[in-house]
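To start, the structure under review is shown below, and the notes come after it.
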Amino acid sequence: MFILRLGRSQSIGPARLQQMWKMACACPDISVSRQPGQQDDRTYLLAAHMDVLEHDAEQRMRQMLEGEGFLFRLMRAR
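Our numbering puts the sequence shown at residues 83 to 160.
Take a look at the structure:
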């Protein structure tokens, strides 16, 4: 599972974020949600099957977000 936090005044629609995460994971069995307990709407949880996450999903997601001009932090959830 990853935590994605977008830069200030940036947003992404749930459908677009889900589409990007599916592409990054190369798997349709994923989950995207807002992180509970956060007061802003720029923090998301990105989940997928563990086998998928051990591959290059993180790097592909970073490349897609950067390619669309997002400022962000993407880190593995503990």
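Note that CB positions come from ideal geometry on N, CA and C, so glycine has one too.
For the pair Asp-123 and Gln-117, the Cα-to-Cα distance works out to about 8 Å.
By the neighbour-count criterion, in which a residue is buried when 16 or more other Cβ atoms sit within 10 angstroms of its Cβ, Leu-128 is buried. Residue burial is scored here from C-beta neighbours: Ala-159 has fewer than 16 other C-beta atoms within 10 angstroms and is therefore classed as exposed. One alpha carbon belongs to Tyr-126, the other to Gln-100, and they sit about 11 Å apart. Per DSSP, Met-83 lies in no alpha helix (DSSP H) segment and is marked neither H nor E. If you ignore the 5 residues before and after Trp-103, its C-beta comes within less than 6 Å of the C-beta of Ile-112, Val-114 and Leu-128, all in its own chain and listed in chain order.
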